[in-house]
Amino acid sequence: MKKTYLRISPEVEAALAENRPVVALESTIISHGMPYPQNVETALEVDRIIREKGVVPATIGVIHGEIIVGMDRDEITYMGKAGLAVRKLSRRDMGAAVALGLDGATTSAATSIIAHLAGIRIFATGGLGGVHRGAPESFDISADLDEIARTPVLTVCAGPKAILDIPLTLEYLETKGVPVVSYRSDRLPAFYSSQSPYSPDYRLDDPADIARIFHLQQEMGLSNGMLVCNPVPRQYEIPQEEINPVIEQAVREAEEKGIHGKDSTPFLLDRVKQITGGRSLDTNIQLVYNNVRLASEIAKALAALSAGEL
1 MKKTYLRISP
11 EVEAALAENR
21 PVVALESTII
31 SHGMPYPQNV
41 ETALEVDRII
51 REKGVVPATI
61 GVIHGEIIVG
71 MDRDEITYMG
81 KAGLAVRKLS
91 RRDMGAAVAL
101 GLDGATTSAA
111 TSIIAHLAGI
121 RIFATGGLGG
131 VHRGAPESFD
141 ISADLDEIAR
151 TPVLTVCAGP
161 KAILDIPLTL
171 EYLETKGVPV
181 VSYRSDRLPA
191 FYSSQSPYSP
201 DYRLDDPADI
211 ARIFHLQQEM
221 GLSNGMLVCN
231 PVPRQYEIPQ
241 EEINPVIEQA
251 VREAEEKGIH
261 GKDSTPFLLD
271 RVKQITGGRS
281 LDTNIQLVYN
291 NVRLASEIAK
301 ALAALSAGEL
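Letter 23 of the sequence shown, counting from 1, is numbered 23 in the numbering used here, and no numbers are missing.
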């Protein structure tokens with residue numbers, strides 16, 4: 001049955017039909033992750049980087065109740081200018097957004113679901129949502145974790161967001177059976193920082209090896225995704241000993257203001273940006289560029305495996 005609520009751009013549709021590599025991209029990073037105009041500039045530069053790698057970009061979002069896979073420049077600009085006025089969409093919101101004709105920026109969870117619906121197997125983002133600090137009392141756990149556990153899409157990120165409880169996030173992923181890979185590092189990256197004290201399940205140095213593991217997961221009928229953590233380049237990182245006190249200050253301020261749930265991440269990221277004088281935003285932009293480069297290489301290897309060429 002034709003999915004009337006889903007519009008796949010002709011470029012993305014042709015690439016999927018021809019088994020050419022495609023990388024899915026979320027839209028929350030555009031509307032909620034960065035201010036305008038840096039958000040639109042970053043999104044368009046991400047498109048350019050992916051195309052330069054010989055891969056097709058597929059930015060995903062919802063406009064007037066229509067799910068779009070492969071947003072064009074005008075649609076990305078619309079989402080970026082609207083900013084925080086655009087509703088954040090996770091799994092629970094998708095039906096309502098379509099039925100009510102809403103605009104929506106897709107989180108990692110929603111992007112994974114839609115990518116899978118469209119037949120896209122790789123998704124690149126900035127940082128992974130996870131278990132928030134204080135979660136044993138608040139039960140504040142991102143839906144991103146459950147989604148990566150039940151949707152067969154490979155996610156490339158710069159590690160869990162630094163504002164999270166990283167050890168509990170890793171425990172949750174282990175419980176859910178999600179393999180966590182660190183690219184070319186024995187330590188797990190932590191978003192702004194290229195290294196944390198924590199170890200991944202696997203260190204892999206070749207995008208083709210990453211693609212083989214995910215390809216075999218799918219061949220075995222396993223329905224879970226896979227998490228690939230790609231360290232931000234050292235020249236752009238903010239080391240943990242420098243960023244942790246900033247995050248702790250932002251978390252305290254959120255608690256004092258009673259900010260929690262889906263509002264906490266935008267508040268914390270914006271507050272960290274303010275305290276660091278914009279340096280954290282520069283790091284965020286560079287790690288996104290780095291992630292889409294790696295995701296493109298994995299996508300090419302996965303397409304070659306599917307074609308029996310690797």
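C-beta: ideal position from N, C-alpha, C; glycine also.
Every value quoted in this text rests on a predicted model; they were computed, and no experiment measured them.
Buried or exposed (CB count within 10 angstroms, at least 16 for buried), residue i
i           : result
residue 84  : exposed
residue 1   : Residue placement at residue 1 is poorly supported in this model, since its pLDDT is 45, which falls under 50; the coordinates are not used for a value here.
residue 291 : buried
residue 72  : exposed
residue 322 : An answer regarding residue 322 cannot be provided, because it is not within the stretch 1 to 310 covered by the chain.
residue 57  : buried
residue 51  : exposed
residue 220 : exposed
residue 257 : exposed
residue 14  : exposed
residue 293 : buried
residue 4   : exposed
residue 21  : buried
residue 173 : buried
residue 126 : buried
residue 191 : buried
residue 19  : exposed
residue 41  : exposed
residue 33  : buried
residue 170 : buried
residue 309 : exposed
residue 95  : exposed
residue 264 : buried
Cβ-Cβ separation, residue j to residue i (assumed contact under 8 angstroms), whole Å
i           : j           : result
residue 69  : residue 6   : 7 angstroms
residue 122 : residue 268 : 27 angstroms between Cβ atoms; not a contact.
residue 189 : residue 233 : Rounded, the Cβ-Cβ distance is 11 angstroms, inconsistent with contact.
residue 43  : residue 80  : 7 angstroms
residue 117 : residue 211 : Incorrect: roughly 21 angstroms between the Cβ atoms, too far for contact.
residue 89  : residue 97  : 6 angstroms
residue 113 : residue 289 : With 8 angstroms as the limit, residue 113 and residue 289 do not qualify as a contact, their Cβ atoms being about 25 angstroms apart.
residue 278 : residue 140 : Not quite, the Cβ-Cβ distance comes to about 27 angstroms (not below 8 angstroms), so this is no contact.
residue 296 : residue 46  : At roughly 10 angstroms, the Cβ-Cβ gap does not stay under 8 angstroms, so residue 296 and residue 46 are not in contact.
residue 150 : residue 39  : That belief does not hold up - the Cβ atoms of residue 150 and residue 39 are roughly 29 angstroms apart, past 8 angstroms.
residue 280 : residue 229 : About 18 angstroms separates the two Cβ atoms, so there is no contact after all.
residue 205 : residue 184 : 5 angstroms
DSSP state of residue i mapped onto helix, strand, coil
i           : result
residue 245 : helix
residue 300 : helix
residue 23  : strand
residue 306 : helix
residue 292 : helix
residue 193 : strand
residue 328 : As displayed, the chain neither begins before 1 nor continues past 310, which places residue 328 out of reach and without an answer.
residue 236 : helix
residue 8   : strand
residue 204 : strand
residue 3   : coil
residue 18  : coil
residue 264 : helix
residue 280 : helix
residue 31  : helix
residue 213 : helix
residue 222 : coil
residue 259 : coil
Check: residue i C-beta below 7 angstroms from any heavy atom of the ligand MG
i           : result
residue 271 : The ligand content of the structure shown is nil, which means the ligand MG is not present either.
Original post:
Counting Cβ pairs closer than 8 angstroms, one from the stretch 93–107 and one from the stretch 58–71, do we hit at least three?
Top reply: Judged by Cβ distances under 8 angstroms, the stretch 93–107 makes contact with the stretch 58–71, as three or more pairs qualify.
Subject >> Cβ contact check for the stretch 271–279 and the stretch 239–257: 3 or more pairs under 8 angstroms >> reply: These segments touch.
Original post:
For the 8 angstroms Cβ check, are there 3 or more pairs between the stretch 144–152 and the stretch 187–202?
Top reply: No: fewer than three Cβ pairs fall under 8 angstroms.
**OP:** Taking only runs that begin and end inside the stretch 49–135, name each unbroken beta strand (DSSP E) of 3 or more residues, in chain order.
**Re:** The qualifying runs are 56–63, 66–69, 87–89, 104–106 and 122–124.
Original post:
Counting Cβ pairs, one atom from each stretch, are 3 or more of them under 8 angstroms apart for the stretch 198–206 and the stretch 173–187?
Top reply: They touch, by the three-pair rule.
Subject >> Given 8 angstroms, three or more beta-carbon pairs between the stretch 129–136 and the stretch 26–36 >> reply: Result no; under three Cβ-Cβ pairs closer than 8 angstroms.
**OP:** Quick one: which unbroken alpha helix (DSSP H) runs of 4-plus residues sit fully inside the stretch 125–190? Chain order, please.
**Re:** Counting only runs of 4 or more, we get 135–138, 143–150 and 166–175.
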